[in-house]
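For the sequence shown, UniProt numbering assigns the number 1 to the initial residue and increments by one for each residue that follows.
The next block holds one structure in the form of C-alpha cells; read it before the comments.
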Amino acid sequence: MATRIPQEFIDEVTSKTNIVDVISKYVQLKKSGKNLFGLCPFHEERTPSFSVAEDKQIFHCFSCGRGGNVFKFIMEMENKSFPEAVIEVAQMGNIPVPDQYEAKNNQYQNSDSQTLLKMYADAAKLYSHILLKTENGSNALKYLRNRQLDDDLIQTFGIGYAPNNNNLLLQFFKDRDISEDILRKSGLFAQNQEGELFDRFRDRVMIPITDESGNIIAFSGRILDKEASTAKYLNSPETEIFNKSKTLFNLNNAKKEIREKSNVILFEGFMDVISAYKAGVTNGVASMGTSLTDQQLYVLSRLTNQINICYDGDDPGVEATYRALTQLTDERFTYGVISIPDKKDPDEFIKSEGSEKFQNLANSVQTPISFILNYFKRNYNLNNEHDQLEFLDRSLKEIVKLQSPVEVDMYVGKVADEMNVSKDAINKELDTLRRQISIQKPANNYKDVQQHALEKVTSSVRPKYDRLEKSERYLLYWAINFPEIRINLKGDGFKFVHQNYQRIFDSLLSYAEQNDAAEEINISDFMNVLDNDDKNLLAELEMMNMPVEYNDQEIDDYMNNIKNSGLESQLSDINQQLKKAAMVGDNKLQLELTQQLIKVRRILSN
Numbered sequence: 001m002a003t004r005i006p007q008e009f010i011d012e013v014t015s016k017t018n019i020v021d022v023i024s025k026y027v028q029l030k031k032s033g034k035n036l037f038g039l040c041p042f043h044e045e046r047t048p049s050f051s052v053a054e055d056k057q058i059f060h061c062f063s064c065g066r067g068g069n070v071f072k073f074i075m076e077m078e079n080k081s082f083p084e085a086v087i088e089v090a091q092m093g094n095i096p097v098p099d100q101y102e103a104k105n106n107q108y109q110n111s112d113s114q115t116l117l118k119m120y121a122d123a124a125k126l127y128s129h130i131l132l133k134t135e136n137g138s139n140a141l142k143y144l145r146n147r148q149l150d151d152d153l154i155q156t157f158g159i160g161y162a163p164n165n166n167n168l169l170l171q172f173f174k175d176r177d178i179s180e181d182i183l184r185k186s187g188l189f190a191q192n193q194e195g196e197l198f199d200r201f202r203d204r205v206m207i208p209i210t211d212e213s214g215n216i217i218a219f220s221g222r223i224l225d226k227e228a229s230t231a232k233y234l235n236s237p238e239t240e241i242f243n244k245s246k247t248l249f250n251l252n253n254a255k256k257e258i259r260e261k262s263n264v265i266l267f268e269g270f271m272d273v274i275s276a277y278k279a280g281v282t283n284g285v286a287s288m289g290t291s292l293t294d295q296q297l298y299v300l301s302r303l304t305n306q307i308n309i310c311y312d313g314d315d316p317g318v319e320a321t322y323r324a325l326t327q328l329t330d331e332r333f334t335y336g337v338i339s340i341p342d343k344k345d346p347d348e349f350i351k352s353e354g355s356e357k358f359q360n361l362a363n364s365v366q367t368p369i370s371f372i373l374n375y376f377k378r379n380y381n382l383n384n385e386h387d388q389l390e391f392l393d394r395s396l397k398e399i400v401k402l403q404s405p406v407e408v409d410m411y412v413g414k415v416a417d418e419m420n421v422s423k424d425a426i427n428k429e430l431d432t433l434r435r436q437i438s439i440q441k442p443a444n445n446y447k448d449v450q451q452h453a454l455e456k457v458t459s460s461v462r463p464k465y466d467r468l469e470k471s472e473r474y475l476l477y478w479a480i481n482f483p484e485i486r487i488n489l490k491g492d493g494f495k496f497v498h499q500n501y502q503r504i505f506d507s508l509l510s511y512a513e514q515n516d517a518a519e520e521i522n523i524s525d526f527m528n529v530l531d532n533d534d535k536n537l538l539a540e541l542e543m544m545n546m547p548v549e550y551n552d553q554e555i556d557d558y559m560n561n562i563k564n565s566g567l568e569s570q571l572s573d574i575n576q577q578l579k580k581a582a583m584v585g586d587n588k589l590q591l592e593l594t595q596q597l598i599k600v601r602r603i604l605s606n
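This is the structure in C-alpha cells:
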C-alpha cells in the first residue's frame, strides 16, 4: 500500500490542480451560468444534472446526489483509496510524486475486484515479458513486426504473448497463493471435464482490454496460425470487473482526442484501432460485439456528440456499416461514415497508401444518407426498370426522414440524376410518401413524451425540506462561508437537530481551528476531512443558489427555528393528547395538558 501522504503534498496537488481539467477527461462539460454541466458519469441520464463549480473546485450531481472535490471524483470514478487518488491526480497534472508515496501493491488484498485487477495487471506484465524478452515469444514478435507494429506501439497497447502451455499462468498465480475460488472467478482459466483448471489463452498474441481509467480488465487473444480451426479471436468471459456491454476497446487512450476532435471513430476490430493509432488517427475505439450497447453509447455521450463508422471496405464490412447505421438511432448523436476504398480494411489501406492518406480519409466523412444511397445503388441495376423503382422506393424512405430542406433537395437531386428523371417527379413521389406516413403516424407517442418530460423534471427536482431542515441547511451554509457566524454559534453552544448537519458543523470547527482558518474556508480542502456521505451533503449545500451576503434577522430566524423545533414538536404532541383526553372525557388530564400547553406556548412566544 502507499505510504501515508503528508498534508504538504496533498496541499501542493490541490493548489496545482483544476478540477475542471480532471473531470473533463471523463465528462463533456459545457458552461451554464457560472458553473459547468455535463452528463453524470455515475448513472445514466438524458438531461445533464452533473455540475462542476470551478470557483470552489467541487462537483455535485443534482440527480444522484454524489459530490465532492477532485480526489473524491477519482476515488468514485476509478475505485481508488484516498492516497491512490492523490497520486493519480498528481500524475495527471505531471506533478512529481516522491517514490515513498507511490503505491507498492506487492500483495493481493482487499476485495475480489481489487485482486482481479491486480491479477490482470500481473498477467499482462508476464505476457509482455514472454513476447519481448524470451525465445518463446519470437514467432509472435515476428508476426507483429510483419504487421508493422514497432516496440513503442506494442508497449503503448501492452501487447504480449501467451505461449502454448497449459499451466504457465496457473502456476504463476498458485505460487502467489491465489485461492482456487479467485482463480475460477478470474476468467483467465478454463476447466476440463474433471474440473481441473488450465490456462484459457495459449499460443495467442494477447491484447489487453482496459476500462475507462486504464485498468486491465480482460484480454483478447489472436491466433498466429491462420489455418488453425480454432476461433481467430478469443476474448475473456465476463467477470466481476469485465462487462463487455459497458466496455470500449482503447477508450482510455482515445478519450482526450475524442474530446479535442469532437468525434469518435468506431472501428470493427482491435487491430484496426491499433493500426489507425499508429497512423496518427488516435480517436478510435472498437465495441466488444457487433453493435454499440446503450451503456457504451452513454459513455461516449459524455465525451462527444459525433460517431463516425469506419468498417472494412469489403462486402461484409459494407453490410456491417449499413446494419450499424440502422441500429444507431440515439438522438444524442449525429453519425457519419468513413468508407475505405478498394474493398480494403483500415490496416491494408494504411500499409498500401500511407498514414497521411488515411488521416485525410478519416477527415472525409460521408453523411449516413449518402452512404445508404450508395449502398442501395450497388445492389440494383439502374438500367432495369424494376430495379429502378425498387431503388427509388428505398431511397425515398430514407430521404423522407431528413429534417433539413437543403439536405432533402440535395439528395433528391442525386437520386434524380442516378435515374435520369426530373427532380419534380421525385418530389411528387416524396410528397405522396409524406402523406402516407402522416396518416399512419399517431398524433403523439404519449409514452415517449411522458418519459421525456419525466426525465427533464427529475433531472432538476430538489428534495422537499420542512422549515426546520431548511433552517439547518441555510444556517450551516452561512457558517461555512462566514467565520463570524460559526464563531457566534460555537460560543452560544448551538446544536443542530439532525446529526448529519451537526457532524459537518463539528468538523468545520475542528478544521478551522487546526488550519487557523479565521477567514475563508477552502471548501475543496475541507472535504478531505469528511466521510463520503458528508462530502455529498456539503457539495449539495455549496451548490445551492444563495445570495452573496446574509442579513442578521435571517440568521436569528434560522437559529430560533432550530432551537424551538423541540418545543414545536412538544406542542404538537400535547395537542394530540388533548384530543384523546377529550374523546374519553378525562377532565383532569385535559386540565393538566392545557396547563402544559400554555407553558410551552409562553416559552415559544418569548
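Glycine included, C-beta positions come from ideal geometry on N, C-alpha and C.
For this session: Enumerate, from N- to C-terminal direction, the unbroken beta strand (DSSP E) stretches of 3 or more residues contained entirely within the segment 181-248.
Result: 189-191, 197-199, 204-210, 216-223 and 233-235
Exercise. Where do the ends of the alpha helix (DSSP H) carrying F50 lie?
Worked result: It is not in any alpha helix (DSSP H) - F50 instead sits in the beta strand (DSSP E) that spans F50 to A53.
Exercise. Which residue or residues does DSSP assign as beta-bridge partners of T293?
Worked result: DSSP lists no partner for T293.
For this session: Check whether the Cβ atoms of I274 and N235 sit closer than 9 angstroms, and answer yes or no.
Result: no
For this session: Hey, could you find the ends of the beta strand (DSSP E) S364 is sitting in?
Result: Run containing S364: none; DSSP gives neither H nor E here.
For this session: On the DSSP bridge assignment, give the partners of G336 in chain order.
Result: N308
Problem set entry | Contact under 9 angstroms by Cβ, A362 with N305 | no
For this session: Pull up the CB-CB distance for M559 and F494, whole angstroms please, since I reckon it's below 8 angstroms.
Result: 7 angstroms
Exercise. In this structure, does DSSP put L266 in helix, strand or coil?
Worked result: strand
Exercise. Which residues mark the beginning and the end of the beta strand (DSSP E) in which F37 is found?
Worked result: N35 to G38
Exercise. Are the segment 191-201 and the segment 166-183 in contact at 8 angstroms, needing three or more beta carbon pairs?
Worked result: yes
For this session: Please confirm whether E238 and S113 have their CB atoms less than 9 angstroms apart.
Result: no
Exercise. Three-state secondary structure (DSSP) at K25?
Worked result: coil
For this session: May I ask you to verify whether the segment 9-16 touches the segment 82-91, counting CB pairs closer than 8 angstroms and requiring at least 3?
Result: yes
For this session: Please state if the CB of Y233 and the CB of G269 are separated by a distance shorter than 9 angstroms.
Result: yes
Problem set entry | Three-state secondary structure assigned by DSSP to V89 | helix
Problem set entry | Candidates V400, K464 and V408, of which the one nearest residue 607 by Cα | This structure gives no information on residue 607, because the portion of the chain shown stretches from 1 to 606.
For this session: Spell out the partners DSSP gives S287 in its beta bridges.
Result: L248
Problem set entry | Rounded C-alpha distance that separates F82 from K34 | 29 angstroms
For this session: Give the C-beta separation of S339 and F371 to the nearest angstrom, bearing in mind that I take them to be a contact with Cβ-Cβ under 8 angstroms.
Result: 7 angstroms
Problem set entry | Distance, Q296 Cα to N528 Cα | 32 angstroms
Problem set entry | Cutoff 7 angstroms; reference A324; Cβ partners in own chain excluding five residues on either side | S291 and I309
For this session: May I ask you to report which of helix, strand or coil DSSP gives L465?
Result: In the sequence as displayed, the identity of residue 465 is Tyr instead of Leu. Correct three-state label for Y465: coil.
For this session: Determine the DSSP secondary structure at K447, reduced to helix, strand or coil.
Result: Its pLDDT being 47, under 50, K447 is placed unreliably by the model, and nothing is read from it.
Exercise. With distances taken from CA atoms, which of D552, Q171, I178 and L131 is nearest Q155?
Worked result: L131
Exercise. Using 8 angstroms as the threshold, is the segment 533-549 in touch with the segment 59-72, meaning 3 or more CB pairs across them?
Worked result: yes
For this session: Measure from the alpha carbon of R4 to the alpha carbon of each residue in F37, P98 and D203, then state which is nearest.
Result: P98
Exercise. Rounded to whole angstroms, how far is the Cβ of G160 from the Cβ of A124, which I believe are closer than 8 angstroms?
Worked result: 6 angstroms
Exercise. So G160 is in the beta strand (DSSP E); what residue range does that whole segment cover?
Worked result: G160 to A162
For this session: For H60, name the three-state secondary structure that DSSP assigns.
Result: strand
For this session: Specify, as a first and last residue, the run of the beta strand (DSSP E) that K31 falls within.
Result: K30 to S32
For this session: Flag this pair as yes or no: are the beta carbons of Q57 and S524 separated by less than 9 angstroms?
Result: yes
Exercise. Between I350 and N522, what straight-line distance do the alpha-carbon atoms span, to the nearest angstrom?
Worked result: 52 angstroms
For this session: Measure the alpha-carbon distance for residue 607 versus T329 and round it to whole angstroms.
Result: In this structure the chain extends from 1 to 606, so residue 607 is not present and cannot be described.
For this session: Determine the contact status of L224 and R204, defining contact as a CB-CB distance below 9 angstroms.
Result: yes
Problem set entry | Buried or exposed (CB count within 10 angstroms, at least 16 for buried), F115 | Checking the sequence, you will find Thr at residue 115 rather than Phe. The residue in question, T115, is buried, as its Cβ has 16 or more Cβ neighbours within 10 Å.
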